[in-house]
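So that you can map any letter, position 562 of the sequence shown is 929 in the numbering used here, and since no number is skipped, the others follow by simple counting. Don't be surprised by glycine CBs; every beta carbon is placed ideally from N, CA and C. Model, not experiment: these values are computed from the prediction. Some notes on the structure that comes next.
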Amino acid sequence: MIWRSVVGKLWLTILLLVAAVLIVLMVLLDQFFENMHLNQIEDELMSHASFIITLMEEDGETLDGMDTVQQLTETSGTQAIIFRNEMPYWNSFQGSGDEIAIPPFQLAEIEEISAALEGEEAITTQLIYEDAYEEETGFIVVAAPFQMTDEADYSLLLYQSLGVMEDTTQETRRLIFLAGGIGFTLTTFFAFFLSSRVTAPLRKMRQSALEVAKGNFDTPVPMMTRDEIGLLAIAFNRMRRQLNNNIEALNREKEQLSRILSSMVDGVITLNRQGNLLVSNPPADQFLQSHRYEEGGETIGERIPEEIQALFETVVNTEEEQTTEIYVQGRTFGVLMSPLYHDKFVRGVVAVIRDMTEERQNDKLRKDFIANVSHELRTPIAMLQGYSEAMIDDVAQSREEEKEMSQIIYDESLRMGRLVNELLDMARMESGQLTMQMERVDLFTLSGKVFRKFKPMAEDANINLYHETHGSDPWVEADADRVEQVMTNLLHNALRHADYEGSVTLKVVAQEEGIKIEVMDTGAGISEEDIPFVFERFHKGDKARTRDKNHGGTGLGLAIVKNIIENHGGKLSVQSKLDKGSTFTVFLYR
368 MIWRSVVGKL
378 WLTILLLVAA
388 VLIVLMVLLD
398 QFFENMHLNQ
408 IEDELMSHAS
418 FIITLMEEDG
428 ETLDGMDTVQ
438 QLTETSGTQA
448 IIFRNEMPYW
458 NSFQGSGDEI
468 AIPPFQLAEI
478 EEISAALEGE
488 EAITTQLIYE
498 DAYEEETGFI
508 VVAAPFQMTD
518 EADYSLLLYQ
528 SLGVMEDTTQ
538 ETRRLIFLAG
548 GIGFTLTTFF
558 AFFLSSRVTA
568 PLRKMRQSAL
578 EVAKGNFDTP
588 VPMMTRDEIG
598 LLAIAFNRMR
608 RQLNNNIEAL
618 NREKEQLSRI
628 LSSMVDGVIT
638 LNRQGNLLVS
648 NPPADQFLQS
658 HRYEEGGETI
668 GERIPEEIQA
678 LFETVVNTEE
688 EQTTEIYVQG
698 RTFGVLMSPL
708 YHDKFVRGVV
718 AVIRDMTEER
728 QNDKLRKDFI
738 ANVSHELRTP
748 IAMLQGYSEA
758 MIDDVAQSRE
768 EEKEMSQIIY
778 DESLRMGRLV
788 NELLDMARME
798 SGQLTMQMER
808 VDLFTLSGKV
818 FRKFKPMAED
828 ANINLYHETH
838 GSDPWVEADA
848 DRVEQVMTNL
858 LHNALRHADY
868 EGSVTLKVVA
878 QEEGIKIEVM
888 DTGAGISEED
898 IPFVFERFHK
908 GDKARTRDKN
918 HGGTGLGLAI
928 VKNIIENHGG
938 KLSVQSKLDK
948 GSTFTVFLYR
């Protein structure tokens with residue numbers, strides 16, 4: 368539609384305004400020229416009538432005077448009738464006679480003309496004559512009385528057809544309409560040109576606005592003029608640049624927020640006031656997926672857990688920060704939920720979900736550590752206290768019993784010293800204070816040293832101890848003392864769990880990527896329930912499966928092995944079956 372365009376609206380408005388002005392002007396000009404022609408004819412007839420009356424009053428009814436009147440009427444295209452005593456006496460198209468023709472209108476029906484013929488003042492009027500064919504003809508009539516030498520009453524009736532004036536008026540009207548048409552045509556072209564030129568910057572701004580709406584802020588509006596539209600183009604370009612800067616700033620903030628949320632270990636979710644999920648980061652998505660899986664293995668829309676929903680309603684109602692804990696698939700999650708405000712109105716909430724499983728386990732380990740240390744120290748302390756009191760009270764009856772009590776006190780003190788040293792080693796390893804003296808170590812030679820140290824112990828326990836080496840390049844970057852401690856703890860653990868007349872093998876294999884150390888025994892093995900926990904602190908297997916039931920370990924040896932291997936960047940694993948023995952494998956990379 369043309370009315371939907373600014374060009375069309377402006378163009379049609381100008382055309383309608385100019386058309387209205389032209390129509391009014393043409394009507395007024397037509398009336399003006401018509402009246403002007405009519406007045407001109409009336410003035411001309413009055414002038415001719417005055418001339419004829421003056422001529423008749425001076426010359427009378429002479430032949431020269433009547434010829435002059437005749438010529439005047441023929442020249443001016445008028446008709447004249449002279450009345451004498453109210454009767455036609457002479458006319459210009461017939462002359463004088465007894466029966467003089469009258470004009471084609473009834474004189475008696477015209478009051479103005481009748482009054483003029485009766486001797487009053489001269490008048491001018493218009494008459495319309497309708498002939499037998501019902502065709503109307505207009506006349507301008509001038510009637511004036513005058514006096515001649517005799518005493519008779521004379522009157523002059525001078526009239527002219529309006530046909531000549533109608534022809535002149537039609538020609539004038541045609542010229543007026545032609546001028547109006549030319550003016551309207553020129554106005555059409557100039558109005559279209561003006562509206563197009565005025566609205567061209569607006570169309571450019573419209574295109575730029577559409578590009579801006581699509582996100583393309585690099586389309587400037589050209590400044591074509593220095594008027595208000597040019598100022599509007601300058602303002603639009605300034606707005607476009609500012610909007611581009613604001614969008615870029617928002618995108619940077621959004622990307623920064625997205626990266627922060629993605630890099631967070633804690634889960635973050637944002638809910639609106641209706642409880643709909645708006646924003647979540649990967650840890651929060653994983654938490655929600657785990658919760659939905661626990662409920663039935665289905666992910667239903669953006670539904671949040673009932674515990675969080677209840678906490679959400681509490682936060683919205685009280686407008687205060689709330690916390691709770693949720694247990695999902697054996698893990699503990701702490702939820703901290705805070706309100707989000709728009710002015711003073713709560714528009715939503717943000718919840719931070721933290722996996723507190725490790726913290727709870729650390730708390731449990733701390734409590735267990737204190738309990739285990741107390742338990743481990745209580746037995747040797749009690750034995751030391753008991754045997755010391757026995758020696759003070761001279762309970763021993765002989766030198767052999769006294770020596771035996773002293774040996775027990777000595778063994779328990781060694782056990783306590785070993786426990787304290789292992790606890791110190793564990794503490795230093797976990798705090799990172801234990802430094803590794805890295806150097807090139809020959810693990811074939813080092814393993815032989817450890818083998819020779821445990822050979823007498825194995826013979827005393829009636830256990831076959833073997834040492835195997837495979838490969839040709841036993842060198843590796845490691846701390847020799849700590850690696851020796853690893854082999855010592857593993858061999859000591861294997862000898863304690865090996866069967867009577869069983870076997871323990873220390874095997875070192877040199878490979879291309881590193882050195883593999885295996886300690887294999889033919890003992891009772893480890894149950895499947897205990898395998899995941901063998902490297903935990905103070906974990907001990909079933910004492911019924913331990914050969915040395917009176918001198919058990921502290922439960923820290925394998926935990927120390929694990930920390931040493933992890934500090935070397937190596938790997939540690941165990942394979943075991945009940946009643947078939949165990950194999951501990953250590954791999955150190957070159």
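| field | residue 667 versus residue 885: straight-line alpha-carbon distance, rounded | value | Residue confidence for residue 667 is low, a pLDDT of 44 falling below 50, so the modelled location carries little weight; the figure read from the coordinates is stated next. Answer to the nearest angstrom: the Cα atoms are 50 Å apart.
| task | Can you grab the Cα-Cα spacing for the pair residue 763 / residue 770, in whole Å? | result | 9 Å
| Between which two residues does the alpha helix (DSSP H) harbouring residue 867 extend? | Element bounds for residue 867: n/a, residue is neither H nor E.
| message | Taking only three categories from DSSP, how would you classify residue 941? | response | strand
| Three-state class that DSSP yields for residue 445 in the structure shown | Correct three-state label for residue 445: coil.
| Do the CB positions of residue 966 and residue 691 come within less than 8 Å of each other? | Because the chain here runs from 368 to 957, residue 966 falls outside it and cannot be looked at.
| message | For residue 451 and residue 526, which I take to be in contact (beta-carbon distance under 8 Å), what is that distance rounded to the nearest angstrom? | response | Rounded, the Cβ-Cβ distance is 18 Å, inconsistent with contact.
| query | What are the complete beta strand (DSSP E) segments, minimum 3 residues, inside the segment 823 to 887? | reply | 831 to 837, 842 to 845 and 870 to 877
| query | Can residue 892 and residue 945 be called in contact, C-beta distance under 8 Å? | reply | Contact: yes.
| Based on Cα-Cα distance, which residue from 616, 454, 765 and 421 lies nearest to residue 514? | It is 421 whose Cα lies nearest to the Cα of residue 514.
| request: Compute the Euclidean distance between the alpha carbons of residue 698 and residue 650, then round it to the nearest angstrom. | output: 14 Å
| message | Helix, strand or coil, according to DSSP, for residue 891 in the structure here? | response | Shown here, residue 891 sits in coil according to DSSP, grouped into three states, outside any helix or strand.
| request: Alpha carbon to alpha carbon, how far is residue 595 from residue 546? Give it in angstroms, no decimals. | output: 35 Å
| Can you check whether the CB of residue 838 is closer than 8 Å to the CB of residue 890? | no
| Expected contact under 8 Å - CB spacing of residue 876 and residue 808 to nearest Å | So it is not a contact: roughly 15 Å between Cβ atoms.
| request: Pick helix, strand or coil for residue 387, following the three-state DSSP scheme. | output: helix
| said: Once DSSP output is grouped into helix, strand and coil, what is the label at residue 718? | reply: strand
| query | I think residue 382 touches residue 555, with their Cβ atoms under 8 Å apart; what is that distance to the nearest whole Å? | reply | So it is a contact: roughly 6 Å between Cβ atoms.
| Could one say the Cβ of residue 804 lies closer than 8 Å to chain C's Cβ atoms, at least one of them? | Note that chain C does not occur in the displayed structure, where there is just one protein chain.
| query | Which term fits residue 616, buried or exposed, when burial requires 16 or more other beta carbons within 10 angstroms of its beta carbon? | reply | exposed
| Limits of the alpha helix (DSSP H) - the one that residue 706 falls within | No alpha helix (DSSP H) contains residue 706, which is instead part of the beta strand (DSSP E) from 698 to 709.
| Environment of residue 856 [buried if 16+ CB atoms lie within 10 Å] | Residue 856 should be labelled buried.
| task | Please state if the CB of residue 954 and the CB of residue 937 are separated by a distance shorter than 8 Å. | result | yes
| task | Determine the extent of the alpha helix (DSSP H) in which residue 572 is found, giving its start and end residues. | result | 530 to 580
| For residue 689, three-class secondary structure by DSSP | strand
| task | Excluding the 5 residues preceding and the 5 following residue 911 in the sequence, name in chain order all residues of the same chain whose CB lies nearer than 6 Å to its CB. | result | In this prediction, residue 911 scores a pLDDT of 45, lower than 50, which makes its location untrustworthy; the coordinate-derived value is nonetheless stated afterwards. Taken in chain order, the list of residues that qualify is empty.
| message | Given this structure, state the Cα-to-Cα distance separating residue 396 from residue 403, to the nearest angstrom. | response | 10 Å
| Anticipated Cβ contact below 8 Å, residue 830 with residue 873, distance rounded | Incorrect: roughly 12 Å between the Cβ atoms, too far for contact.
| request: Using the Cα positions of residue 918 and residue 779, report the straight-line distance between them to the nearest angstrom. | output: Low confidence applies here, because residue 918 scores a pLDDT of 46, under 50, leaving its location unreliable; read the following figure in that light. Spanning the two alpha carbons is a distance of roughly 9 Å.
| query | Taking the alpha-carbon positions, what's the residue 790 to residue 630 distance? | reply | 36 Å
| query | Out of curiosity, what's the CA-to-CA distance linking residue 565 and residue 551? | reply | 20 Å
| request: Look at the alpha carbon of residue 772 and the alpha carbon of residue 785, and state the distance between them as a whole number of angstroms. | output: 20 Å
| If you drop the 5 nearest sequence neighbours on each side, which residues of the same chain put their C-beta closer than 6 Å to that of residue 499? | With a pLDDT of 49 at residue 499, under the threshold of 50, the predicted position of this residue should be treated as unreliable, and no value is reported.
| said: Using a Cβ distance threshold of 8 Å, determine whether the segment 719 to 739 contacts the segment 622 to 642, with at least three qualifying pairs required. | reply: yes
| residue 514 by DSSP, collapsed to three states: which one? | strand
| query | Roughly how many angstroms lie between the CA atoms of residue 673 and residue 662, to the nearest whole one? | reply | 11 Å
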